[in-house]
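*Asks:*
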């Protein structure tokens with residue numbers, strides 16, 4: 007026999023100003039099975055909670071309805087109070103009399119009637135609530151960080167420093183990411199490599215970090231705290247344990263004309279190579295696609311010259327499986343290249359370059375040792391034009407968003423140019439200058455006022471070549487839309503930041519959602535910017551959207567804290583509000599017919615197959631099974647199940663139906 | 099092989115040379131061009147500035163007439179007419195309500211089934227694939243292909259070639275032995291309909307196109323639009339006056355160049371009608 011308690015809160019005057027709380031308590035108190043009903047000014051206060059606890063004990067209540075604010079606000083509070091009084095917390099329900107009633111209606115009888123309706127539907131529901139137990143899952147305290155750019159490095163170091171193991175996977179031969187390519191960084195103009203390389207070394211030497219470079223994540227199984235990851239360690243064609251990193255092989259390789267990825271195609275590298283001098287690990291790999299031996303079957307010069315005989319031409323890829331508890335995705339971004347822009351020459355003008363190429367030109371370790379020289383003829387450009395928003399904020403190009411970093415790096419580029427070519431002229435075409443950030447606006451002002459960078463507010467319609475010069479045609483919107491034509495020696499396009507190649511495949515492999523631009527999607531744009539929709543998988547850096555270094559590092563540390571918080575527990579406790587497949591007596595076992603439509607709609611990959619077998623192992627029936635570790639209780643499978651075999655703990659079809667019927671029935 | 103043709107006003111007037119070259123080329127390739135009977139004005143630049151329903155009704159009547167006469171495919175050599183017809187077809191396809199309304203206005207059954215092609219699509223589909231063995235006189239000239247604004251735009255509607263850097267004419271020119279130049283002005287504005295009202299603007303804009311083509315050493319400009327042609331050819335005195343120069347660069351229709359290459363005479367393709375003398379034959 008149910009004995010329900012009802013506790014109506016005034017919320018100061020928030021509820022009582024429009025709802026007659028006393029009348030609500032009185033009316034509901036007369037309902038069948040309501041053993042106790044009262045109202046109080048602040049139910050969430052200590053005396054309010056004590057009132058609830060004592061009523062539960064005194065009246066031996068089997069369920070309570072706290073009629074107050076949104077359950078988002080205080081459900082945990084009241085469920086905890088119920089538990090302290092010995093009542094299963096899931097036998098406590100909340101009627102939302104504030105957001106759903108008093109705040110949105112005028113003071114009158116109808117408002118009070120609605121409040122009564124809200125309470126009595128839940129009285130009916132709580133009568134058939136079941137006592138639920140929290141779900142416990144174990145935690146493997148090793149994290150996987152995917153991507154070895156600054157975000158991945160920061161996350162890995164932060165997690166490792168909390169004492170937990172980290173596996174860092176990077177697909178290129180060295181960690182460092184785009185940051186290692188940059189010359190100086192805004193707004194301080196400190197050298198990118200100087201601040202980054204010590205971190206890279208720290209990663210390599212950290213006892214808690216296992217670094218796999220030239221490796222990719224191939225597959226993921228399991229759920230929060232209990233993932234199994236498959237990692238393909240691509241063959242480096244070299245025994246890393248023997249190799250001393252002397253680099254002799256890289257100087258003797260006869261293949262020397264392979265466009266250098268690190269130099270953004272502005273330089274060349276051999277087939278056996280270290281991406282850049284400060285690479286971590288500082289040991290070469292053989293690029294089998296371009297290596298003469300793999301193409302023609304002979305050469306092996308590197309093997310001949312190697313003093314330690316470390317070259318292994320027949321070394322296969324290695325696929326390993328590791329157990330981990332949490333994942334940080336830090337796979338970074340890419341930029342559109344000049345060939346994306348037909349109006350700027352489809353990438354066919356050698357002196358129209360992108361932002362990363364300019365970074366390499368300006369970098370002391372770059373192909374020109376930091377001298378700004380035109381790629382076409384090696385001359386110093388006397389007149390340089392920067393085009394901000396090349397592709398960004400342009401729905402016609404399919405990129406409606408702002409790439410965020412370009413305003414700042416373009417100002418930096420113009421500054422670096424002026425610092426190196428004093429007599430040169432630098433112009434920037436821009437839409438708006440977006441310099442929100444600490445010391446950012448001041449930095450842009452410096453470019454304008456101290457380095458005399460010519461900012462032109464307007465877009466560039468076309469760039470073409472004539473007599474070895476680049477004609478940049480644009481508009482100055484501050485001059486009333488006057489056409490502007492600049493005869494330039496070199497043009498730098500601040501091309502849009504886009505999702506890294508392979509991001510979509512990785513997202514699918516990890517079962518993480520991504521947006522229409524293939525950037526990884528956060529669980530909530532404001533309050534869960536670091537989490538993904540998949541529990542235990544977090545985001546760091548520009549894989550989510552274009553970000554600068556400070557933002558990437560902040561988020562990376564945020565992700566690390568999320569992982570550390572997860573690893574601070576031996577077991578994970580989850581609310582048991584998950585779906586379940588019903589069970590019946592043999593020979594039916596369950597009304598589930600095993601159609602697995604639910605499997606295809608589950609956004610969380612939480613539905614597995616379960617076989618019922620005879621003693622000799624013969625399968626009698628296969629039904630759906632919910633993985634409680636993965637299920638988020640969204641209820642999609644419940645709605646879809648054709649045989650009504652799936653239900654949701656805490657929100658069963660029967661409970662919902664009872665609520666509706668209570669509303670329809672007179673009381 | 100039978101294809102419909104919608105000439106529009108230009109091809110029967112100021113662009114007779116274009117008309118002659120299209121028909122001569124069609125004949126040389128055994129293509130029968132059947133004029134859409136009882137055709138009317140496409141609305142040109144005037145209608146869509148005045149009244150939207152009128153601007154859609156005029157082309158819709160042309161298209162409905164073509165449908166009624168069983169012309170499944172209609173060649174529209176004038177780029178402006180082509181644009182009006184294609185845009186109408188697109189708009190009515192996207193908006194069934196408007197389609198019914200326009201049907202009521204023209205008092206005809208409009209289905210929107212006609213396949214419209216402009217000259218470069220026509221060349222791409224019917225001439226280029228049959229060129230083999232037909233070139234009797236390779237067109238051994240440096241050419242600057244000028245597409246103007248309407249051949250490939252609006253790209254969303256036409257969905258043909260690359261809007262910012264079209265290639266069809268360049269490829270056609272290579273096939274007849276010509277040497278297409280890198281020409282960044284290929285889609286710049288010629289001044290279009292301002293020819294009559296603001297001739298000095300046409301003189302300025304068309305002049306830029308001609309100057310750049312001459313500078314790059316072109317022997318001739320290649321066009322596929324009567325409006326572009328009249329601005330670049332007929333308006334040459336205004337251009338030369340504005341730029342204080344003496345540009346002599348001839349302007350040829352793409353159909354004329356191909357016609358000459360397959361052995362048609364200068365007269366067959368109407369070269370004698372040009373204002374700027376064409377020293378190519």
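Residue numbers (my numbering), protein chains in the order written: chain W, 7 to 673; chain A, 99 to 379. Don't be surprised by glycine CBs; every beta carbon is placed ideally from N, CA and C.
(1) Just to confirm my understanding: we take residue 583 of chain W, look at its own chain, exclude 5 residues before and 5 after, and list those with CB closer than 6 Å. What are they?
(2) Buried or exposed: where does residue 591 of chain W fall if 16 or more other Cβ atoms within 10 Å of its Cβ makes it buried?
(3) Within 8 Å, do at least three Cβ pairs link the region 108 to 122 of chain W to the region 298 to 316 of chain W?
(4) If the criterion is Cβ atoms closer than 8 Å, does the pair residue 332 of chain W and residue 546 of chain W meet it?
(5) For residue 209 of chain A, which option in A:162, A:215 and A:169 has the closest C-alpha, if you only look at C-alpha atoms?
(6) Less than 8 Å between the C-beta atoms of residue 380 of chain W and residue 373 of chain W, yes or no?
(7) Identify every residue that forms a DSSP beta bridge with residue 481 of chain W.
(8) Quick one: is residue 270 of chain W near chain C, going by C-beta distance under 8 Å?
(9) What residue range does the alpha helix (DSSP H) around residue 6 of chain W cover?
(10) Which parts of the region 170 to 204 of chain A are runs of the alpha helix (DSSP H), unbroken and 4 residues or longer, counting only runs that do not cross its ends?
(11) What's the call for residue 200 of chain W, buried or exposed, on a 16-neighbour Cβ count within 10 Å?
(12) Just to confirm the assignment: which complete alpha helix (DSSP H) runs, minimum length 4, are found wholly within the region 268 to 341 of chain A?
(13) Along the chain, where does the beta strand (DSSP E) containing residue 340 of chain W start, and where does it finish?
(14) Where residue 687 of chain W and residue 308 of chain W are concerned, what is the direct C-alpha to C-alpha distance, given to the nearest angstrom?
(15) Hey, could you find the ends of the beta strand (DSSP E) residue 13 of chain W is sitting in?
(16) Using a Cβ-Cβ distance cut-off of 8 Å, determine whether residue 272 of chain A contacts chain W.
(17) What's the C-alpha gap between residue 604 of chain W and residue 259 of chain W?
(18) If we cut at 8 Å on Cβ distances, does residue 259 of chain A have a partner in chain W?
(19) Which residues in the same chain as residue 226 of chain W place their Cβ atom closer than 8 Å to its Cβ, once the five residues preceding and following it in sequence are excluded?
(20) With a 10 Å radius around its C-beta and 16 neighbouring C-beta atoms as the bar for buried, classify residue 458 of chain W as buried or exposed.
(21) Hey, residue 200 of chain A and residue 151 of chain A: beta-carbon distance below 8 Å or not?
(22) When DSSP builds the beta bridges, which residues end up paired with residue 324 of chain W?
(23) Is residue 268 of chain A close to chain W, meaning its C-beta is less than 8 Å from at least one C-beta of that chain?
(24) Residue 204 of chain W lies in the alpha helix (DSSP H); which residues open and close that run?
(25) Within the same chain, show all residues whose beta-carbon is closer than 7 Å to that of residue 259 of chain A, passing over the 5 residues directly before and after it, in chain order.
(26) For residue 575 of chain W, name the three-state secondary structure that DSSP assigns.
(27) Have a look at residue 289 of chain W and residue 181 of chain W and give me their C-alpha separation to the nearest angstrom.
(28) For a quick check, are the C-beta atoms of residue 285 of chain W and residue 264 of chain W less than 8 Å apart?
(29) Judging by CA-CA distance, which residue of A:134, A:149 and A:369 is the nearest neighbour of residue 100 of chain A?
(30) What ranges does the alpha helix (DSSP H) occupy inside the region 243 to 323 of chain W, keeping only unbroken runs of at least 4 residues that lie completely in it?
(31) Can you tell me whether residue 23 of chain W is buried or exposed? The criterion is at least 16 other CB atoms within 10 Å of its CB, across all chains shown.
(32) So what does DSSP say about residue 189 of chain W, is it helix, strand or coil?
(33) Could you have a look at residue 350 of chain A and say whether DSSP puts it in helix, strand or coil?
(34) Can you list the residues of chain W that residue 202 of chain A reaches, using a CB-CB cut of under 8 Å?
(35) If the criterion is Cβ atoms closer than 8 Å, does the pair residue 333 of chain A and residue 301 of chain A meet it?
(36) Determine which residues share a DSSP beta bridge with residue 229 of chain W and list them.
*Replies:* Reading off the structure:
(1) 639, 655 and 656
(2) exposed
(3) no
(4) no
(5) A:162
(6) Against a cut-off of 8 Å, the Cβ pair of residue 373 of chain W and residue 380 of chain W comes out as no contact.
(7) Paired residues: W:489.
(8) Annotation note: the requested chain C is absent from the structure, which comprises protein chains W and A.
(9) Given that chain W is displayed from residue 7 to residue 673, the structure contains no residue 6 of chain W and the question cannot be resolved.
(10) Qualifying alpha helix (DSSP H) stretches, in chain order: 177 to 192 and 194 to 204.
(11) Exposed, since its Cβ has fewer than 16 Cβ neighbours within 10 Å.
(12) Fully enclosed alpha helix (DSSP H) runs of 4 or longer: 292 to 295, 297 to 313, 324 to 327 and 334 to 341.
(13) 339 to 341
(14) Only positions 7 to 673 of chain W appear in the structure, and residue 687 of chain W is not among them; the question remains open.
(15) 10 to 15
(16) no
(17) Cα to Cα, residue 604 of chain W sits roughly 56 Å from residue 259 of chain W.
(18) By this cut-off, residue 259 of chain A is not an interface position.
(19) Excluding residues within five positions, the ones whose Cβ falls inside 8 Å are 233, 234, 235, 236, 333, 515, 516 and 517.
(20) exposed
(21) Taking 8 Å as the Cβ cut-off, residue 200 of chain A and residue 151 of chain A qualify as a contacting pair.
(22) As DSSP reads the structure, residue 324 of chain W sits in a beta bridge with W:239.
(23) no
(24) 198 to 211
(25) 250, 265 and 266
(26) coil
(27) 12 Å
(28) no
(29) A:134
(30) Counting only runs of 4 or more, we get 254 to 258, 298 to 302 and 307 to 311.
(31) exposed
(32) coil
(33) strand
(34) Under the 8 Å cutoff, chain W gives no residues; its nearest Cβ is about 35 Å from residue 202 of chain A.
(35) yes
(36) W:232
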